[in-house]
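Enquirer:
2 protein chains.
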Amino acid sequence: MGVQTIGANVKRLEDPRLLRGEAAYVDDIQVPGLRHMAVLRSPHAHARVLSVDVGAARALPGVDDAFSAADLGAQPPAIPALFAMDTFHPAPQYPLATDTVRFVGEPVAVVVAESRHVAEDALELIEVEYEPLEAVVDAYAAIQPGAPVLHANAPDNVAARQVYQTGDVDAAFAAADRVIRERLDMQRYTGIPMETRGVVASRDAVTGELTVWNSTQWPHTVRTILAGMLAMPARAIRVITPDIGGGFGVKADFNSEDFLVPFAAVRTGKPVKWIEDRNEHFLSIAHSREQIHEVEIALRDDGTILGLRARHITDCGAYQRPLGVINASLSATSLGGVYRVPNYRVEAVCASTNKAPASPYRGAGAPESTFARERLLDIVARELGIDRAELRRRNLLTPEELPFDTGLASAEAAVVLDSGDFPAGLDKALEMIDYAGFPARQRAARDEGRLVGLGICVYHQITGPGPFEGGSVRVDPTGEVTVVSGAAPMGQGTATMLAQIAADELQVPYDSIKLVFGDTGRLPFGMGTYASRNAVMAGTALVLAARKVRDKAEELAAHLLEADPADLVLEDGAFSVKGVPASSVSWAQVAAAASPGGSRPAGMEPDLESVQYFENLAAPYSYGIHIAEVEVDPHTGYTTVGRYVVVNDAGTIVNPRNAEGQIVGGVAQGLGGALMEELVYGEDGQPQSTSFMDYLIPGSLDVPDVEIGHLESKSPLNPLGVKGMGEGGAIGAHSAVANAVADAIEHLGVTVTRTPLKPAAVWQLLRSAGASA
Amino acid sequence: MGVQTIGANVKRLEDPRLLRGEAAYVDDIQVPGLRHMAVLRSPHAHARVLSVDVGAARALPGVDDAFSAADLGAQPPAIPALFAMDTFHPAPQYPLATDTVRFVGEPVAVVVAESRHVAEDALELIEVEYEPLEAVVDAYAAIQPGAPVLHANAPDNVAARQVYQTGDVDAAFAAADRVIRERLDMQRYTGIPMETRGVVASRDAVTGELTVWNSTQWPHTVRTILAGMLAMPARAIRVITPDIGGGFGVKADFNSEDFLVPFAAVRTGKPVKWIEDRNEHFLSIAHSREQIHEVEIALRDDGTILGLRARHITDCGAYQRPLGVINASLSATSLGGVYRVPNYRVEAVCASTNKAPASPYRGAGAPESTFARERLLDIVARELGIDRAELRRRNLLTPEELPFDTGLASAEAAVVLDSGDFPAGLDKALEMIDYAGFPARQRAARDEGRLVGLGICVYHQITGPGPFEGGSVRVDPTGEVTVVSGAAPMGQGTATMLAQIAADELQVPYDSIKLVFGDTGRLPFGMGTYASRNAVMAGTALVLAARKVRDKAEELAAHLLEADPADLVLEDGAFSVKGVPASSVSWAQVAAAASPGGSRPAGMEPDLESVQYFENLAAPYSYGIHIAEVEVDPHTGYTTVGRYVVVNDAGTIVNPRNAEGQIVGGVAQGLGGALMEELVYGEDGQPQSTSFMDYLIPGSLDVPDVEIGHLESKSPLNPLGVKGMGEGGAIGAHSAVANAVADAIEHLGVTVTRTPLKPAAVWQLLRSAGASA
């Protein structure tokens with residue numbers, strides 16, 4: 011092969027459009043006669059719905075329609091769960107609340123009108139009679155006897171439960187030198203993309219085809235669910251993901267409006283748009299992260315881990331939408347990290363509460379388990395008097411132990427760590443941050459009355475899970491290359507990354523390739539973009555497709571050149587006989603010959619296109635080491651993150667600049683989770699974080715320069731050796747920063763066991779330390 | 011195989027939509043911000059264009075743009091010719107006239123405005139300075155020395171010329187007992203669909219993709235031509251054929267507006283619509299048929315044909331658009347019909363005149379040559395005193411002589427008559443009309459002073475020419491079957507016909523199949539609908555695709571049923587083991603297993619879809635016998651068609667009712683051509699048939715009941731044994747009716763040598779007969 015762009019920092023194909031304001035987000039979709047939908051939402055955390063009267067709303071001039079659950083049919087369709095556990099009492103959400111509302115913000119009725127303004131006005135005319143019920147807002151309290159019950163099929167409010175285990179954990183604990191226990195809590199927070207959610211639906215009056223533009227990360231899944239809920243043929247529904255302004259997992263969900271907008275379009279016969287406002291976003295998108303970990307670790311005195319035994323309670327909110335319990339499962343199988351943990355048992359409990367339903371947010375269960383483990387390891391290190399880096403090094407799996415089958419399985423796939431050099435990564439990060447010099451730095455600071463701390467986090471993440479992704483490559487008789495992918499990216503540079511992959515396979519300029527994403531009309535099957543899967547799954551699908559096309563083209567070029575295919579080289583977009591560059595045939599010439607009626611070898615079918623699906627359940631695992639240095643203001647509890655080092659190993663890196671952008675973005679979100687972000691609910695279940703006034707996210711001044719080092723342990727699981735890495739920053743940063751804050755203050759006699767470490771929380775810790783000191 | 015719908019009169023899938031007014035023609039396409047185009051046309055048949063000033067038009071409020079050829083660039087793109095002859099001096103039409111206009115109606119400038127009304131008003135403000143030139147409107151005169159020259163590259167106004175020959179024609183004539191010569195003229199007439207032409211184009215400001223809705227019979231060809239003329243990547247252009255209200259070949263062309271509307275959309279950045287009005291339609295669509303035949307036949311005294319020698323001059327009008335000279339070629343190779351003509355030479359001459367450019371209309375050259383031959387045979391019969399049916403029977407090829415290679419080639423393909431029983435067809439038709447009883451009927455009428463005549467026509471037609479057509483069949487995991495075809499039908503029931511074909515292959519109900527036509531975005535390559543090719547080419551492509559899908563499904567079903575594929579039967583949409591109907595798997599189950607991640611045999615690629623191209627240059631030939639009985643009013647010359655018999659042989663008939671509808675529609679058009687329709691030009695080149703006031707088409711009362719008999723001589727050239735037949739009615743009827751009129755009056759001593767046989771023309775003949783009598 012000639013030119014290789016994989017590994018090069020080529021410019022992002024996406025940027026010119028994005029920078030010139032030419033991106034087309036869902037709110038940019040205009041359809042003639044477009045109507046607008048507004049949603050009436052429950053003001054109660056828990057209440058019986060006695061009646062809903064939309065009559066006055068319907069009568070308002072400019073209103074096309076208003077409807078409630080009663081209008082969805084005698085048996086309204088429910089949003090299906092796509093993921094379950096061994097014990098599972100599904101609590102599906104109906105698009106509109108039927109007899110009970112279970113969280114503030116739950117859709118109760120909608121209005122479709124000539125404008126959003128009229129629709130919002132009409133909402134005020136809808137009369138709903140509620141009978142308030144007692145709310146339960148704490149997951150721990152929810153599963154205690156006597157708590158208010160959310161769903162009749164789970165009187166203990168446990169929606170799902172499963173035990174994940176390997177080895178003989180009880181024996182290990184019995185034989186241990188030391189057992190250390192802790193409860194570690196992560197707060198409820200989630201992805202807050204710049205662009206909120208939005209849906210436009212338009213049904214062709216003649217063909218009956220329903221086109222849905224949805225800011226979704228998984229258009230094919232949305233289509234499948236919609237077809238079921240609308241009882242329409244799937245082929246009559248086309249779901250298109252336009253440009254997305256951030257997703258982070260909260261757009262890989264199926265919310266009420268994903269059904270209500272298409273339903274309203276079918277019901278009214280008019281195209282309908284709904285764009286989530288920021289308040290709605292805070293109220294009803296997938297919330298995430300909220301987990302209580304009760305974790306025990308069994309050790310030898312030298313710090314060797316003998317076993318982990320844990321229970322975690324995930325606050326799943328009021329209902330399970332498609333991925334409602336997957337975080338709990340992924341937390342359960344990732345608690346051991348990339349350490350040698352021979353004996354292991356984690357019980358995952360999914361609790362129902364009167365809060366917004368939970369679903370994955372960047373990292374999906376891994377930030378939670380990573381926090382539990384990495385925080386615990388620091389506590390262990392302190393208790394055993396072993397340096398925290400050394401403690402980790404002693405327990406990290408070595409390259410010789412890989413691939414390492416943990417004996418666990420999540421999302422129907424065995425958890426096997428495929429490749430990596432965890433100790434080398436740790437050492438590299440330690441060297442980058444000058445770990446050896448930190449004690450002196452910390453002492454010097456303390457001597458000045460300053461609280462500085464260093465936090466280490468070794469995280470890993472499942473990336474590119476299956477079961478499949480699809481992609482097609484075609485070369486037109488004009489030589490134009492078009493790539494269609496099942497991916498539905500939301501700003502992460504996927505077009506550039508996939509173009510590089512296809513360009514190298516076809517030996518054409520990466521910026522000559524036209525990419526099509528997120529359109530069920532262009533590829534029959536697709537999974538979408540989540541779980542750091544684009545490079546692994548969409549990338550490999552393209553490799554398979556491009557190689558099919560290239561192999562066929564080579565055979566055809568040999569036919570045209572009257573040569574042996576084995577004697578051909580592909581360079582600069584043309585095939586030629588080795589050593590005879592003058593006699594060459596370009597992609598355009600080959601594709602023209604491949605056209606129907608063209609000159610092809612006997613038996614060769616026409617056209618130069620291949621649709622391929624990469625089917626794979628064995629997901630690669632990437633990992634990284636984050637080290638943060640922070641300073642805590644002893645007077646206010648305010649934390650400033652100073653230096654920040656990341657060593658990232660995600661196998662082959664297609665575009666380092668792109669990858670680093672992902673890392674930095676993830677670090678910002680992890681830092682936000684460690685220090686600021688929290689979806690707070692009052693005891694009555696009223697959400698208290700419903701605007702950017704109440705929900706602080708990191709600004710550019712809060713995010714430090716991130717120093718990044720790469721390792722590239724190629725994955726043996728795909729031809730490019732790639733792994734995913736989009737979520738890693740968010741996983742590692744939460745714990746690294748939290749550990750750093752802990753390191754800054756724990757010498758005062760306190761223990762950090764929960765996040766976020768907002769100034770008030772840290773100040774409380776400092777005050778309790780002062781009180782106890 | 012179980013149920014077979016091929017051959018059954020199942021109900022047309024198209025009809026419910028058409029009957030309920032739910033069809034979506036191009037004028038039904040609405041795009042936000044749509045602008046409207048109007049075209050300024052030349053009022054001169056031939057003139058130099060000295061200047062065009064669009065300034066005042068541009069300044070009119072509501073006008074977005076106005077432009078002339080000068081705005082198309084220094085080297086404006088020309089409409090390409092797709093078909094040539096041995097001698098070819100192309101006279102391409104530019105979308106807007108450059109320095110010269112050459113026919114009345116030629117586009118000179120356009121206006122794009124907020125409404126068609128404003129655009130039309132603005133046309134009046136465009137100032138064009140013309141210097142009129144002498145016009146030539148008669149093809150015979152055009153090629154004489156000293157005629158005004160249209161194009162510098164052909165000073166003799168011969169745009170193309172080719173000789174088609176086989177055997178030794180001069181020797182045959184030298185050795186003949188009898189040689190009979192005649193000049194036979196067919197008038198200029200053409201297809202007048204209920205829906206005129208129309209184009210809508212919209213360019214996506216963000217992606218740059220240009221979507222063009224065009225009432226075209228060949229969207230893929232329009233895309234290819236557009237890409238070249240606009241210098242845009244083909245993949246950036248999507249051409250969609252919406253419902254079409256009739257095409258008849260005049261929509262398998264590329265006219266100025268096919269370029270001007272997309273060009274205006276690109277130029278203005280706004281979506282643009284243009285709908286041809288009826289006046290524009292008469293002025294500038296493809297005209298057709300106008301041919302002068304100078305034909306000689308060499309015979310033995312017993313009527314055995316020894317040779318044919320002919321020259322025909324086709325009036326090609328002012329320019330050659332894509333198929334401008336194909337009629338002349340097809341006439342030249344079809345003059346011999348299905349008769350035994352061992353020695354043959356036809357010189358085809360394409361003459362340029364100051365009239366609208368010519369292109370195929372239903373039958374494309376065959377009606378012209380058929381008229382020349384069948385009229386001549388009647389003249390021969392009379393001169394030789396041989397019964398005209400007997401004369402034909404003596405010369406018809408017998409089934410034993412088939413396949414019969416004529417030794418000629420047209421449209422790059424050898425003319426080989428593949429199958430049929432011509433004598434049996436003739437005898438059947440003669441029996442149906444009671445030919446034996448006709449002399450008595452005629453005598454009885456004459457005794458009453460009534461002029462009745464019977465006309466026979468034996469025609470044949472090339473059907474389903476290549477080089478290819480494409481089609482795809484897919485089965486979704488829901489069991490839904492979707493068929494995409496390269497065909498772009500215009501009302502002839504193609505959806506029903508193709509659904510029947512796919513249904514039989516897949517053993518599913520034909521009305522459960524979703525069909526997609528005429529969309530370059532859904533199939534990479536396609537040819538379209540013309541030349542009676544849908545059943546042969548699109549049908550066979552579907553057979554190939556359906557069988558690929560069925561074979562794969564069978565293998566997969568065997569895997570699921572743990573059976574041998576050879577033991578399976580496919581019935582009622584499910585595969586089961588022979589004799590064990592209980593254990594069956596439905597299409598939906600098989601397709602679900604075929605999905606990525608499904609349970610498939612090792613090595614089988616996912617999905618149940620196949621795109622196949624039927625590549626074939628060897629076209630089947632269908633034929634038919636038309637016999638008309640007419641009565642001519644001796645006082646007015648008005649002809650009434652009484653009984654009408656058709657024996658049709660187009661191989662396997664998929665849907666007899668559909669086929670009969672095609673025959674009757676064609677008969678109406680052939681009858682119109684024989685008796686009424688004519689695009690008349692004055693000596694100055696001014697068109698005189700520019701509305702339905704001046705151009706008479708048959709009404710329902712003019713068309714007789716058509717009695718139809720079928721033969722089904724299967725074609726050996728495709729798996730279904732089908733041939734095309736859409737054009738046959740129009741080919742046979744023109745000559746059968748003309749011959750019947752001749753038979754009614756030629757005993758008076760006149761000879762019918764030209765059409766149309768309008769009352770005035772017949773009255774003139776009767777008057778000249780009376781004068782000579």
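In the order they appear, the protein sequences are chains C and R. Numbers 11 to 783, taken from this note's numbering, label the letters of the first sequence in order. Numbers 11 to 783, taken from this note's numbering, label the letters of the second sequence in order. All residues carry an ideal CB built from backbone N, CA and C; glycine is no exception. Small disclaimer: the values here were computed from a predicted structure and weren't measured.
#1: Leaving aside the five residues before and after Gln-510 (chain C) along the sequence, list all residues of the same chain whose C-beta is less than 8 Å from its C-beta, in chain order.
#2: Counting Cβ pairs closer than 8 Å, one from the region 358-372 of chain C and one from the region 102-118 of chain C, do we hit at least three?
#3: Who are the neighbours of Gln-698 (chain R) on chain C, taking C-beta pairs under 7 Å?
#4: Nearest-angstrom Cα distance between Thr-324 (chain R) and Gly-375 (chain R)?
#5: Cα-Cα, which of R:Leu-685, R:Asp-75, R:Pro-714 is closest to Trp-773 (chain R)?
#6: Assign Gln-40 (chain R) to one of three DSSP states: helix, strand, or coil.
#7: Is it buried or exposed for Asn-163 (chain R), if we count other Cβ within 10 angstroms and need 16 for buried?
#8: Measure the alpha-carbon distance for Val-189 (chain C) versus Leu-721 (chain C) and round it to whole angstroms.
#9: What residues from the region 615-631 of chain R come within 8 Å of chain C, judged by C-beta to C-beta, listed N to C?
#10: Taking 8 Å as the limit between beta carbons, can you name the residues of its chain near Val-173 (chain R), skipping five residues before and five after?
#11: Residues in its own chain within less than 8 Å of Tyr-648 (chain C) by CB, not counting five upstream and five downstream?
#12: When burial is assigned at 16 or more other CB atoms within 10 Å of the CB, is Leu-776 (chain C) buried or exposed?
#13: Measure from the C-beta of Gly-607 (chain R) to each C-beta in chain C and report whether the shortest distance is under 8 Å.
#14: Between which residues of its own chain and Ala-33 (chain C) is the CB-CB distance below 6 Å, once the five residues before and five after are set aside?
#15: Can you check the region 590-648 of chain C for any alpha helix (DSSP H) of at least 4 residues that lies completely inside it and give the ranges in chain order?
#16: Could you pull out every residue in the same chain whose Cβ sits closer than 7 Å to the Cβ of Val-494 (chain C), ignoring the five residues on either side in sequence?
#17: Name the two residues that bound the continuous beta strand (DSSP E) containing Met-95 (chain C).
#18: DSSP three-state call for Ile-89 (chain R): helix, strand or coil?
#19: Within 10 angstroms of its Cβ, does Met-11 (chain R) collect 16 or more other Cβ (buried), or is it exposed?
#20: Quick check on Met-11 (chain C) - is its C-beta less than 8 Å from some C-beta in chain R?
#21: Using 8 Å as the limit for Cβ to Cβ distance, is Glu-787 (chain C) near chain R?
#22: Quick one: is Phe-702 (chain C) buried, meaning 16 or more other Cβ sit within 10 Å of its Cβ, or exposed?
#23: If you follow the beta strand (DSSP E) that Leu-309 (chain R) is in, where does it begin and where does it stop?
#24: Using a Cβ-Cβ cut-off of less than 7 Å, give me the residues of the region 519-536 of chain R that come near chain C, in sequence order.
#25: By Cβ distance, which residues of its chain are closer than 6 Å to Val-677 (chain C), with the 5 residues on each side in sequence left out?
#26: Quick check on Pro-477 (chain C) - is its C-beta less than 8 Å from some C-beta in chain R?
#27: So the alpha helix (DSSP H) Asp-25 (chain C) belongs to, where does it begin and stop?
#28: Can you say whether Val-13 (chain C) is buried or exposed, counting buried as having 16 or more other CB atoms within 10 angstroms of its CB?
#29: Are the C-beta atoms of Tyr-560 (chain C) and some chain R residue less than 8 Å apart?
#30: Determine the burial state of Ser-4 (chain R): buried for a count of at least 16 other Cβ atoms within 10 Å of its Cβ, exposed for fewer.
#31: Taking the alpha carbon of Ala-361 (chain R) as the reference point, which residue from R:Gly-459, R:His-322, R:Leu-464 has its own alpha carbon closest?
#32: Would Asp-25 (chain R) pass as an interface residue toward chain C - the criterion being a Cβ-Cβ separation below 8 Å?
#33: Can you find the residues in the same chain that come closer than 6 Å, C-beta to C-beta, to Thr-221 (chain R), ignoring five residues on each side of it along the sequence?
#34: Write down the C-beta distance between Ala-123 (chain R) and Asp-74 (chain R) rounded to the nearest angstrom, noting that I regard them as a contact closer than 8 Å.
#35: Under 8 Å, do Ala-748 (chain C) and Gly-465 (chain C) count as touching if we go by C-beta distance?
Expert: Taking the coordinates as given:
#1: Apart from the 5 residues on each side of it in sequence, Gln-510 (chain C) sits with its Cβ closer than 8 Å to the Cβ of Thr-15, Ile-16, Ala-18, Val-20, Tyr-520, Val-664, Asn-665 in its chain, given in chain order.
#2: Remark: three or more beta-carbon pairs, one from each stretch, lie closer than 8 Å, so the region 358-372 of chain C and the region 102-118 of chain C are flagged as touching.
#3: Near Gln-698 (chain R) there are no residues of chain C at all, since even the closest Cβ is about 39 Å away, more than 7 Å.
#4: Cα to Cα, Thr-324 (chain R) sits roughly 9 Å from Gly-375 (chain R).
#5: Closest by alpha carbon: R:Leu-685.
#6: DSSP places Gln-40 (chain R) in coil when its eight states are reduced to three.
#7: With fewer than 16 Cβ atoms within 10 Å of its Cβ, Asn-163 (chain R) is classed as exposed.
#8: Each residue's alpha carbon lies about 34 Å from the other.
#9: Under the 8 Å Cβ criterion, the region 615-631 of chain R contributes Glu-615, Pro-616, Asp-617, Glu-619, Val-621, Gln-622, Tyr-623, Glu-625.
#10: The beta carbon of Val-173 (chain R) sits closer than 8 Å to the beta carbons of Asp-96, Arg-355, Val-356, Glu-357, Ala-358 from its chain, once the five residues preceding and following it are set aside; these are given in chain order.
#11: Only Val-642, Pro-769, Val-772 meet the Cβ criterion.
#12: By the neighbour-count rule (16 or more Cβ atoms within 10 Å), Leu-776 (chain C) is buried.
#13: At least one CB atom of chain C sits nearer than 8 Å to the CB of Gly-607 (chain R).
#14: Same-chain partners within the cutoff: Arg-27, Asp-253.
#15: 597-604, all fully within the region 590-648 of chain C.
#16: Excluding residues up to 5 positions away in sequence, Gly-481, Ser-482, Val-526, Arg-532, Leu-533 lie with their Cβ nearer than 7 Å to the Cβ of Val-494 (chain C) in the same chain.
#17: Note, Met-95 (chain C): premise wrong, no beta strand (DSSP E); not H, not E.
#18: DSSP places Ile-89 (chain R) in the coil class of the three-state scheme, outside both helix and strand.
#19: Any reading at Met-11 (chain R) needs caution, since the residue's pLDDT is 47, under 50, leaving its predicted position unreliable; the model's value is listed next. Exposed is the call here.
#20: Caution applies to Met-11 (chain C), whose pLDDT of 47 falls short of 50 and renders its modelled position unreliable; the value that the coordinates give is listed next. No, because no Cβ of chain R sits closer than 8 Å to the Cβ of Met-11 (chain C).
#21: Any answer about residue 787 (chain C) is impossible in this case: the structure gives chain C only from 11 up to 783.
#22: Exposed.
#23: 301-309 is the extent of the beta strand (DSSP E) around Leu-309 (chain R).
#24: Taken in chain order, the members of the region 519-536 of chain R whose beta-carbon sits within less than 7 Å of a beta-carbon on chain C are Lys-524, Pro-534, Phe-535.
#25: The beta carbon of Val-677 (chain C) lies closer than 6 Å to those of Val-716, Gly-739, Ala-743 in the same chain, with the five residues before and after it left out.
#26: Between Pro-477 (chain C) and chain R, the shortest Cβ-Cβ separation is below 8 Å.
#27: Counting along the chain, the alpha helix (DSSP H) containing Asp-25 (chain C) begins and ends at 25-29.
#28: Result: exposed.
#29: Checking the sequence shown, residue 560 (chain C) turns out to be Arg, not Tyr. Taking Cβ atoms only, chain R never reaches closer than 8 Å to Arg-560 (chain C), which makes this a no.
#30: A question about residue 4 (chain R) goes unanswered here, because the residues of chain R that appear run from 11 up to 783.
#31: Taking only the C-alpha atoms, the option nearest Ala-361 (chain R) is R:His-322.
#32: False, the Cβ-Cβ gap to chain C never drops below 8 Å.
#33: Once the five neighbours on either side are set aside, the close Cβ partners of Thr-221 (chain R) are Ser-212, Arg-248.
#34: Cβ atoms of Ala-123 (chain R) and Asp-74 (chain R) come within 8 Å of each other, at about 6 Å.
#35: Cβ distance < 8 Å, so Ala-748 (chain C) and Gly-465 (chain C) count as in contact.
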